[in-house]
Structure formats: C-alpha cells, structure tokens
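**Student:**
Number of protein chains: 2
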Amino acid sequence: MPTYNAPVKDQMFVLNDVLKIGTADIPGYEDLDRDTVQAILDEAGKVARDVLAPLNVVGDTEGCVLENGVVRTPKGFKDAFDQVREGGWTALDCDPEFGGQGLPYVVATAVGEQFSAANMAFNMYQGLTHGAYSAIHTHGTEDQKATFLPRMVTCEWTGTMNLTEPHCGTDLGLMRTKAEPQDDGSHKITGQKIFISAGDHDMSDNVVHLVLAKIPGGPDGIKGVSLFIVPKFLVNEDGSLGDRNAVSVGKIEEKMGIHGNSTCVMNYDGATGYLLGEAHKGMRAMFTMMNEARLGVGLQGYAQAEVAYQNALAYAKDRLQGRDVTGAKNPDGPADPLIVHPDIRRSLMDQKSFVEGARAFVYWGAAMIDRAHRNSDKDADGLISLMTPVIKGFLTDRGFDMCTQAQQVYGGHGYIEEWGMSQFARDARIAMIYEGANGVQALDLVGRKLAQDGGKHVMAFFDMVKSYLAEAKGKDEAFDKAFLDPLKAASKDLQGAGMYFMQNGMKTPNAALAGSYDFMHLFGHVCLGLMWAKMAEAANEVLASGAGDAEFLKAKIDTGRYYMARQLPMTATHLKRIESGAEPVMALEAEAF
Amino acid sequence: MPTYNAPVKDQMFVLNDVLKIGTADIPGYEDLDRDTVQAILDEAGKVARDVLAPLNVVGDTEGCVLENGVVRTPKGFKDAFDQVREGGWTALDCDPEFGGQGLPYVVATAVGEQFSAANMAFNMYQGLTHGAYSAIHTHGTEDQKATFLPRMVTCEWTGTMNLTEPHCGTDLGLMRTKAEPQDDGSHKITGQKIFISAGDHDMSDNVVHLVLAKIPGGPDGIKGVSLFIVPKFLVNEDGSLGDRNAVSVGKIEEKMGIHGNSTCVMNYDGATGYLLGEAHKGMRAMFTMMNEARLGVGLQGYAQAEVAYQNALAYAKDRLQGRDVTGAKNPDGPADPLIVHPDIRRSLMDQKSFVEGARAFVYWGAAMIDRAHRNSDKDADGLISLMTPVIKGFLTDRGFDMCTQAQQVYGGHGYIEEWGMSQFARDARIAMIYEGANGVQALDLVGRKLAQDGGKHVMAFFDMVKSYLAEAKGKDEAFDKAFLDPLKAASKDLQGAGMYFMQNGMKTPNAALAGSYDFMHLFGHVCLGLMWAKMAEAANEVLASGAGDAEFLKAKIDTGRYYMARQLPMTATHLKRIESGAEPVMALEAEAF
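Sequence order for the protein chains is L and R. FYI, full-length UniProt numbering numbers position 392 of the first sequence as 392, with every residue one higher than the one before it. FYI, full-length UniProt numbering numbers position 18 of the second sequence as 18, with every residue one higher than the one before it.
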C-alpha cells in the first residue's frame, strides 16, 4: 500500500528561503518565524501520514453509499474528520472573530498540500467548507455570518457549492433552478444540481449548501443568477438545528476516482434559501472565491503528483530489474535497482522537478492572495487573477501526467489497484475538469485576463520577469547559463505569443482562442522556470552562507537545472503552434468531421 | 452509453488509395480487390458495432469473477465469442492448412482495429490466442501443430503468454519457474506466473498456455529460458480432451481497466509441459511473435483513441454550451454546440489527426510484416523490427493522451462512469505497460534496434523519407509547403538526434539512453508526418481523378495540415531534450533523491 511523508524540508525551503515569508510586509506574516511554521507543518505532517494517508485506499475501495436518503462515508472517515477538527486544522486561516486562528493563507496552503496529497477525496470535505465559509464571510450579513461561520470554521457544519445542472456546466446562464421570494424575505429553491462534491455525508451535523438559482422576473441569462444559502437543517433563532429542509440526495455518482468523496445529485423541492449578497449578482459572489478555489485545485494537481512520485521513487530504489549499462551498482544482488536506468531517472526527474516547481508557484500565488486581501493590494490582486487559470490549468494537466509517469515506473504493478498508483492518477484526473475545465481556464486566460485593465497585469508579469533577470544576472556564470538564459528564451516565447494575439486576436478572435491552450501551458512553463531560477538562487545563497544541508541544496539546483534543460524547451513548440493560428484548427467545417 | 461505428471509409482509403494493397507485390495481396476488402470490413464492422461494442461497458462493470477455481466472464461474452468464432473472424490470416482463411495480416489488422475499438478487453481473448498460434506455427513440431493449431484457429481453444513472475517482468533472466525433464520427453512445470491476460475463462474448451521456464542445469539468466506448451486439459492421442493439468488460477487481479479480460495469477504445480522450439532458446521463440504482438498493442492505443474520439465528436456536436465568439451558430437554440469553440475544435483535431495518422502507420507496418513473412524480405523485416518499438510506444502513449482529451470534451460527465469515457482512458492505459513498458520500448529502439545490422535499417528509413521527399516535391506548391517542408524539418531533427547518439552514445551510453524516450516520440512524429504526407498526396490524386468523395478527401488534407502545423513541431523540443544529454538526467545521485 502506498505511503505519504510530508516533504516539510522542501516546504520550509520555499516558505523561508525562497519566499522569505517571515520578512514579507503582509499583516500576520511577521509572526511566521521558522520555528513556528516548522512546528505547524511537522504536526500537520503527522496527521497526513498517520491519519489521512492510511484511509486513502479505503476511501477508494469502499466509496460512499446512499442508504435511505443518507450518505455513509467510508469506514474511518468520521473518526479522522473528528481528529482533523479537534486538532484545529480546519480553522487555520479563518477569521478569529468566528473562531479561526487567523494564520495567513500561505500557511494553510502548505498544510492543504499535505492533507490533499495524503487523501484528496477526504480533504475535499474541508476544502469545500472553506470555500463556502469564504463566500459567506465576504458577502453575508452580520446575522448570516454569526449563524453559519462559527460552525463552518470547525467543520461541525460543512459546505458545498451548487452550480452545475444536467444541461449546463460552463454556461451557467442556461440555469433552470429557480428561487421564489417569500413573504419572510427567504426564497423557495426548486431545481436539480449535479456533481455536488461533499453534497451529503455523515461527518457533520449540518450541510450548508451555496446554491445558484434564478429569481423569476430577473434579467435573462447569467445576469439573472443569484446565490443562496440553503442549509440541510434549518437553524433556529438560538442556533440549534430545526426542521429538515426540502433538499435531498438524488443519487451518488459513480466516478473514475475520488470515491471517498460523495459526489451527489441534489434535489431542491421548494427548499428554504437565504439570499447571499445582492440579488442577480450571484456570479460575482461566486467569483470572489474563485481565485482561492482554483488555486486549491492547482494544488491538488501537484499534490497527487507529489505522493505518486514519493511512491514511484521508493519502488525505483527497491525493485531489482536489469543492470546499469555503465557497470553493476548492486553486484551482490541478482540485479540493480530500477533507479540506475537513465529512462527511469528521466521520469523521476520529470516528476520531481515538476512537483517542486509547482509547489513554489502555488505558495507564491497564495502569498499573492494574502497580499491582495490583507494589504488590499490591487496589483497583487490583478496579478493573481491573471495567474489563476495558469495555476489551475497547467498544474492539473501536468500533475495528472506526472501521476501517469509515476504509475509507469511500477510497470504492470502500476495497473493493479492493490498497489495504489492507479488511484493517484484516477483521483488527479478530476482536477483537470472541475472548477472550470482546463479548456475554460485557457479561454479565461486569453479571452479575459490578458486584456483585463488594459493588459496591465500581463505587462506587470513581464516586467517582473525582466527585472528579475536583470537583477539576478552576472553574479554566477554557471547559474546565468543554466537558469537565466533558458528563462529569458522562454519568456521571449511567451511575449511572442502575446504579440501574436495582439496582432491577430482583435481582427480574428479565433486566432487567439485557437492558441489559448498552448498559451496556458507556455505561461505555466515560464512560471515554473522563474520559480526554479529563484529556488536555485536561494539555494546558492544558503550554500554560500554555510548554513543548511548542502546535499539538499545541491539537489535543488540539479533538479532546477533539469527543469530548465528538459522541460522549458517546450515553450518553443507551444509558440510555434500558437503562431500557426486559427486556420489549421478551424479549416474543417463542423459538418465535415 | 458510448457507441462505435467502424470507420470503414477511412480504413479503405488507407488500404486502397494510400497503400494500394491490391497492387502490392506480396502473395495473397493480388486477391485484395476493393470490393472484397470492403465486404470484409463492412461485415466485421457490424459485428463490432452490434455485438462487441454493447458489451464493452458490461465487461467493465461486471468484470471477471473467480468461483471455485473457474473464471466466469461477464454476461454476454460467451455468446459474443461464439458469434465471432462462427463468423470465422478468428481465422482470417491463419494458415489454411489448419483451417485458416489465409488472408494477409494487413486485412486481419484492419478487422482487429474494429474489434479492439469496440471492446478491447473482449478482443484480447482472441488476440492472445493468435499470438500463441503464431508461436506454435513457427516453432512447433508437426505433431504439436496438428494437435493445437486447428482448435486455436477457431478459438475453440484459446491461448496465453506466460512471462512475468512476481519479482521479474522486464528482466526475465531472474525467472524462477522450472521445467524438469521427464522420461517421456515432457517436462514438469513448477512456478508462479502473474499478469496472465485471458489466463482462464469459460468461453473455450481448453486454454493453451505458453510458459517460459528454466530447465535445471541450463545456462544462467536469460540464456537458460525455454518455452513450453502447457494445456489446461491434456490432449489425448485422438485429439479429445484428457485429464486436467496441474495448472490453476491463484486469483484474478483488480485492475484499473480491461475488467472484461481475466488477468490471472497462474500457479503451475508440476504441470505437464511440452518443449516448444529448442531448449534454452525460449526467448527467441517468444521474440518471433513480438513484432506482431507489439504492433497489436500499438493498434489498441489508437483504436481506443478512435472510439473515444467518435463519442467526443458526437457530444461536441450535441451539447449546447456557450456561443461562438464570431457569431451564434445556433441562434434559435439556447446556446451553440461545443464544436464551435476553437479549443474544442483543437482537441478534436488533435484526436482525429492522431488516429488517422496512426491507422496509416499501423497498416503500413502490417503490410511490412506481410512482406517480411510472405516475400521473405529481409529488408522489410529489418525495417519493421526497427519501427516496432515506435509503433508500440508512441501510439500507446499518444493514444492514451487522446482518450484523456476525448474525456475532457465531456467536462464533468467525462468523469462519471455512466458516460463511458473514463473506461476508454482506463482501458487504453494498459497498452503503455504490457508487451514491454514504453520505457523498455525506447531502450529497445535506441539500445538495440538503431545499431542492428550496422545501422542498416535506420539508414533505410532515412533513405525512404529522403526519396519520398525528392519524388513528391514540385508537383503542388501548397502541398510542398504544408506537408513536405515540415516533414523535411522533422526528419532533420530525427537525423540530428541520431547523429547526437552516434557521436556521444559510444563513449557515454547514458547520453543515448537518457534521450531514448524522446527519440521514440520524435521518431513517431516523423512517421506520422510521413503517413500524412502520403495520405494527402493520395487524396490529391483521387481528387484530381474526379473520383471519390470530394468532401471526405478535402477533410483528409485539412486534417493532415493540422498534424503538420500543430503536432510535428514537437520534434524540435524532443531534439533539444536529447541534445541536453545525460548530465541533467543523471546529475543527482540515487541517494540524493
């Protein structure tokens, strides 16, 4: 059975030596000294390893079961959820006013990586609650906040997000669920929602559904959509639970993976709902939590790759098969371990260099969210808004690929469920789809984010890379050659793609849209290239100071060199595809397919 | 539920207009007039669509069950197998001396594509039997042939291949199964084999296991391995079934996919086996059927992509979501179909251009096998031997990617098992692993095949491309620009990679091996580029003759242009990775991971 060990040393390296969070000028960061963060991650790591990881296979094999209208989670989930709750792990970055610990989002993100790697399906119950918490925290009335937030911070009550209906996912303007105003100010919600993660279960006292619906008579399409709080059990004045609301589980979906999470069809039959935020402004309310939610999904992508990599590495060191062509490495054994073979090494380096680069990228993004929220920094908000589709789309695509590569290291055993490698790939697969399928992320990036605020944020990104290159250059020739030169070339490819869109996209929108997916990946590679340059620079600095673990730091630099040499060249191909334009993509009429 | 319709028109185009099989100078090909082949494919297509495809989901959900030592296949499999058998579909290219129809392998391959696309797990029962048939046909004594082949041609008796043991897959020299000689000339086989596809089931009267084992006292390692025929039921002199042999099913593996095929742990407890071919030359006997078997797996890769594509296309035409940015295409409906969106179109074109290119590549390879066997053409044999790892490795990797893309077109529904798209990806995944994991294919290609016969075959490949480019050039400027220029550039990248290996691989074997995987993909792209140029050329010819379906032929050219513009640029990145050499790959010591 696979295992998971939290890579605390790697996490600390990013937080402290690369992002230097303790010294960042963001409220709350001043308390993030090395020891405190280390203690949090060490403790969380134990929960991940000892409580959550052992339940990962259990969740996959047992799945969730709907019995007499009630969802039963896999054996052990409820106890584990209690432990997570009691350890305060659900409250890390929540508002102290409602019982939270008020820690920065970046720290909660690092813990989230551990929990998600250990057991993705399990961690979603908490993750969705956090999303709903954020929406109520931002848009709720004082009453709503007082009623719901304290129990959601502790996950005594969990949350869900209800967007999709059978006939509409991305295009929510087609929505049919309706919300009829009642005399007491509440609404009666009627309709069916599908793909509702954590839609119902037996681990909390109440489930707080956030439901998009249309108030009759409102504007057509997406502009007439409002957001409602629809609790499973109505809440009395004194905060105690009242009647069962008219919401029920239609069925649990049979999915490719994340079997431990109950993905429900939810039926609303005149259920009582409370408007959250303004009427007809439901999408805006939903979108305020999108950056955070999508970053969380990007995190899932590399977190699954991390745990898959850990197990592939262990197998590659353990399994004896064939001989090193340059001379036996295990001459007394019947064969050498797999890791001696260059192609296995290539695969492991692909995985390792992706995961570590992705981690830095996501923590950087989380710090940007903290900066946007805690410093009300509009530039940071614009930048993270631009990068969100890259984080979500690129990291989940590549994360899934890396899970597939990790599975491949096992040969035939990778295909047998007993070994657990298939589950990592099957679980990771959903991250490419939910929270906006990756094609929609690419559309969001190219069709919306690039031009946002007059293109200000993408220019800020280019400036950031440019200043970094200028400032880092000239200190170390080997570093310049291995890191800065490839980063500069990749960044040039990205600018070339942006230029192509500017010159052609206005006239022919399809010229930009046909290249959107490649652009998202091109952007992602540049970001990981930038992260690797920063990590290598940080490793060099710590090495020069004589502190730290030299072998660990050298490994960081070697891993980064691999990414720059072997992964970053992809940017040239992405640019070439983009520059081939819309014509080859759209040449066939739909009828000619 | 997904459906499958055999793409007979596309298949016929490759066979007749591109490969022009009816006029090829290979014995048996002279009878392959258009009408005969069309009739075969039409009939087979009906079986695939009406008998096999409807059982695909059934096979996945029910799986195979081991009860009291006997394997039960999913409901409907036995009837379907009877229909396939009675239709003569198992005997297509088998030797008429043993009841076969003596058709060329290339025709059986086209039918195999249909059956495999319709139901991969089901078609493996027949596929493995064919592999075992070929081994006995090539290496068996007259008695062995007379005893086993007639029943295997009809699949009254099915076959298996037993190579892997728990501690060894690729490195078969570590094998422990032993074969003790008996006085009557037979051997007693003792040991455990794992991952035995179609290892046991209820659809045939007997199962003929081909088992690799070591005769005590023979050479160490791989040179001491022999191949044995071990029937489930011993066969009496008169051909009737005798006693149950001492072979049993230990368990059925729980796998990621191909649940309809019984993947068994087989226990041999002093089972009676008959030496097939020479003692200690078991690997040679196994390898004679490797080209064919690996081509068959490459076929599975693109066949799953074909059926996944068919369903993604139907969904993209049907599902209404969002609007075409260039103006509504379905103004009277609530939204436009998915297919109007450029990124969906990109995905569909990726899939379509891959599948059609792969089909031509595999049929070309099958014709090469026919040429090697029927004309005893050593050059053809060398060429197909070189290309086999490319066909197997490249087509299964890309085929799986395309299944993933097809699944992505469905958005959330792609993740729900009910829609069937997950199964295509899960089933296709095994093709990257079995018959030699794709990393081993890359090793075979670079470590063995490139240098085989003094590098003669790779030079022959380069010559083939070069002559083609010279001969095709100058007839049509648009064709030259869209097809020949990119093919030339890609082929130059391939030669550059070959050159890099020559200059560095002798001194530093790892310099070649670290680039082996990229080389396999680079080679694959060049092959598909070559196939697309040939297909476009053929389409142009038919168009010029005024015959054929103009819309169909123009779509071929457009699809080819897409491949050349959007996929072929990958060769540059592969070359760049290869030229970065072994250093970045091997820089980290195994202990530093």
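The beta carbon of each residue, even a glycine, is placed where N, CA and C say it ideally should be. A quick note: this is a predicted structure, and the numbers were derived from the prediction, not measured.
At the 8 Å Cβ level, is MET570(R) part of the contact set with chain L, yes or no?
**Tutor:** Here residue 570(R) refers to the residue found at position 570 of the second sequence. At least one chain L Cβ lies under 8 Å of MET570(R).
**Student:** Mind checking GLN503(R): buried by the 16 CB within 10 Å criterion, or exposed?
**Tutor:** Counting from one through the second sequence, the residue named residue 503(R) turns up at place 503. Answer is exposed; the Cβ neighbour count stays below 16.
**Student:** By Cβ distance below 7 Å, which residues in the same chain neighbour MET1(L) in space, the five residues on each side in sequence not counted?
**Tutor:** Working through the first sequence from its first residue, we reach residue 1(L) at position 1. Correct list, in chain order: VAL57 and GLY420.
**Student:** What's the C-alpha gap between VAL111(L) and ASN206(R)?
**Tutor:** The count along the first sequence starts at 1 and reaches residue 111(L) at position 111. The count along the second sequence starts at 1 and reaches residue 206(R) at position 206. Going by C-alpha positions, VAL111(L) is about 56 Å away from ASN206(R).
**Student:** Does the separation of the CB atoms of LYS188(R) and GLU180(R) fall below 8 Å?
**Tutor:** Position 188 of the second sequence, counted from the start, is the residue given in the question as residue 188(R). Position 180 of the second sequence, counted from the start, is the residue given in the question as residue 180(R). Cβ distance < 8 Å, so LYS188(R) and GLU180(R) count as in contact.
**Student:** Between which two residues does the beta strand (DSSP E) harbouring GLU67(R) extend?
**Tutor:** Taking the first residue of the second sequence as 1, we reach residue 67(R) at position 67. It spans 65 to 67 - the beta strand (DSSP E) in which GLU67(R) sits, taken as one unbroken run.
**Student:** Since I believe VAL307(L) is in contact with PHE424(L) (beta carbons under 8 Å), could you give me their beta-carbon distance rounded to a whole number of angstroms?
**Tutor:** The residue labelled residue 424(L) in the question sits at position 424 within the first sequence. The residue labelled residue 307(L) in the question sits at position 307 within the first sequence. Yes, PHE424(L) and VAL307(L) are in contact; Cβ-Cβ is about 6 Å, under 8 Å.
**Student:** Starting from CYS264(R), follow the beta strand (DSSP E) in both directions and report where the run begins and ends.
**Tutor:** For the purposes of this step, residue 264(R) is taken as the residue at position 264 of the second sequence. 263 to 275 is the span of the beta strand (DSSP E), which, as asked, contains CYS264(R).
**Student:** Is GLU254(L) helix, strand or coil by DSSP?
**Tutor:** Numbered from its first residue, the first sequence carries residue 254(L) at position 254. Residue state, collapsed to three classes: coil.
**Student:** List the endpoints of the continuous alpha helix (DSSP H) containing GLU541(L).
**Tutor:** For the purposes of this step, residue 541(L) is identified with residue 541 of the first sequence, where counting begins at 1. Counting along the chain, the alpha helix (DSSP H) containing GLU541(L) begins and ends at 516 to 545.
**Student:** So within the segment 398 to 481 of chain R, which uninterrupted alpha helix (DSSP H) runs reach at least 4 residues, ignoring any that extend past its ends?
**Tutor:** Qualifying alpha helix (DSSP H) stretches, in chain order: 421 to 431, 438 to 444 and 452 to 472.
**Student:** What does ARG72(L) pair with, by DSSP beta-bridge criteria?
**Tutor:** To locate residue 72(L), count along the first sequence from 1; it is residue 72. Looking at the DSSP assignment, ARG72(L) forms a beta bridge with VAL65(L).
**Student:** Are the CB atoms of THR154(L) and THR90(L) nearer to each other than 8 Å?
**Tutor:** Position 154 of the first sequence, counted from the start, is the residue given in the question as residue 154(L). Position 90 of the first sequence, counted from the start, is the residue given in the question as residue 90(L). Judged by their CB atoms, THR154(L) and THR90(L) are nearer to each other than the 8 Å cut-off.
**Student:** Is there a Cβ of chain R sitting closer than 8 Å to that of SER545(L), yes or no?
**Tutor:** Position 545 of the first sequence, counted from the first residue, corresponds to residue 545(L). Not an interface residue.
**Student:** Under 8 Å between C-beta atoms, does ARG561(R) make it to chain L?
**Tutor:** By 1-based counting over the second sequence, the position of residue 561(R) is 561. Interface residue, yes.
**Student:** How would you list, in chain order, the residues of chain L whose beta-carbon sits under 7 Å from the beta-carbon of LEU348(R)?
**Tutor:** For the purposes of this step, residue 348(R) is identified with residue 348 of the second sequence, where counting begins at 1. What LEU348(R) touches in chain L: PHE593.
**Student:** For the segment 172 to 198 of chain R, enumerate the residues whose C-beta is nearer than 9 Å to any C-beta of chain L, in chain order.
**Tutor:** GLY173, LEU174, ILE194 and PHE195
**Student:** Would you tell me roughly how many angstroms separate the C-alpha atoms of ALA305(R) and LEU295(L), rounded to the nearest one?
**Tutor:** To locate residue 305(R), count along the second sequence from 1; it is residue 305. To locate residue 295(L), count along the first sequence from 1; it is residue 295. Their backbone Cα atoms lie some 31 Å apart in a straight line.
**Student:** For PHE593(L), does the three-state DSSP call read helix, strand or coil?
**Tutor:** Indexing the first sequence from 1 puts residue 593(L) at position 593. PHE593(L): coil per DSSP, three-state reduction.
**Student:** Does the CB of ILE222(R) have a neighbour CB from chain L at under 8 Å?
**Tutor:** Along the second sequence, one-based indexing puts residue 222(R) at 222. Chain L, which has no Cβ nearer than 8 Å to the Cβ of ILE222(R), makes this no.
**Student:** Residues of chain L with a CB under 9 Å from the CB of ILE21(R): which are they?
**Tutor:** Taking the first residue of the second sequence as 1, we reach residue 21(R) at position 21. Contacts between ILE21(R) and chain L, judged by CB atoms closer than 9 Å, are missing: the closest CB pair is about 26 Å apart.
**Student:** Over the uninterrupted alpha helix (DSSP H) stretch that includes SER134(R), give me the two end residues.
**Tutor:** As a working note, residue 134(R) is residue 134 in the second sequence. It spans 120 to 139 - the alpha helix (DSSP H) in which SER134(R) sits, taken as one unbroken run.
**Student:** In terms of residues, what are the limits of the alpha helix (DSSP H) holding PHE77(R)?
**Tutor:** Position 77 of the second sequence, counting from 1, holds the residue named residue 77(R). If you look at PHE77(R), you'll find it in the alpha helix (DSSP H) that goes 77 to 86.
**Student:** Have a look at GLY169(R) and ASP35(L) and give me their C-alpha separation to the nearest angstrom.
**Tutor:** Start at 1 with the first residue of the second sequence, and residue 169(R) comes out as number 169. Start at 1 with the first residue of the first sequence, and residue 35(L) comes out as number 35. GLY169(R) and ASP35(L): Cα-Cα distance of roughly 47 Å.
**Student:** 8 Å is my cut-off, CB to CB: does GLY333(R) come that close to chain L?
**Tutor:** As a position in the second sequence, residue 333(R) is number 333, starting the count at 1. Not an interface residue.
**Student:** So, are the CB atoms of ILE252(L) and VAL542(L) less than 8 Å apart?
**Tutor:** Position 252 of the first sequence holds residue 252(L). Position 542 of the first sequence holds residue 542(L). No, the Cβ-Cβ distance between ILE252(L) and VAL542(L) is not below 8 Å.
**Student:** Taking the straight line between their C-alpha atoms, what separation do you get for ALA24(R) and TRP364(R)?
**Tutor:** If you number the second sequence from 1, residue 24(R) lands on position 24. If you number the second sequence from 1, residue 364(R) lands on position 364. Roughly 12 Å between the two C-alpha positions.
**Student:** What's the C-alpha gap between ASP379(L) and ALA132(L)?
**Tutor:** As a working mapping, residue 379(L) is identified with position 379 in the first sequence. As a working mapping, residue 132(L) is identified with position 132 in the first sequence. Each residue's alpha carbon lies about 25 Å from the other.
**Student:** Using a Cβ-Cβ cut-off of less than 8 Å, give me the residues of the segment 315 to 326 of chain R that come near chain L, in sequence order.
**Tutor:** LYS317, LEU320, GLN321, GLY322, VAL325 and THR326
**Student:** Please report the residue range of the beta strand (DSSP E) in which GLY242(L) lies.
**Tutor:** As a working mapping, residue 242(L) is identified with position 242 in the first sequence. Per DSSP, GLY242(L) belongs to the beta strand (DSSP E) from 241 to 244.
**Student:** Answer yes if the segment 270 to 290 of chain L comes into contact with the segment 204 to 223 of chain L, meaning at least three C-beta pairs across the two stretches below 8 Å, and no otherwise.
**Tutor:** Yes: at least three Cβ pairs fall under 8 Å.
**Student:** With DSSP as the reference, identify every bridge partner of VAL225(R), one or two as the case may be.
**Tutor:** Along the second sequence, read from residue 1 onward, the residue named residue 225(R) stands at position 225. Per DSSP, LYS214(R).
**Student:** Going by C-alpha to C-alpha distance, which of LEU227(R), MET520(R), LEU348(R) and LEU522(R) sits closest to THR404(R)?
**Tutor:** For this step, residue 404(R) is matched to residue 404 along the second sequence. Per the Cα distances, LEU348(R).
**Student:** Output needed in chain order: residues of the segment 345 to 369 of chain L with a Cβ under 8 Å from some Cβ in chain R.
**Tutor:** ARG345, ARG346, SER347, LEU348, MET349 and LYS352
**Student:** Who does ASN291(L) pair with in a DSSP beta bridge?
**Tutor:** Residue numbering aside, residue 291(L) sits at position 291 when the first sequence is read from its first letter. DSSP, once it has assigned bridges, lists no residue as partnering ASN291(L).
**Student:** By the three-class DSSP mapping on this structure, what secondary structure does HIS574(L) have?
**Tutor:** Residue 574(L) sits at position 574 when you count from the first residue of the first sequence. Three-state DSSP puts HIS574(L) in a helix.
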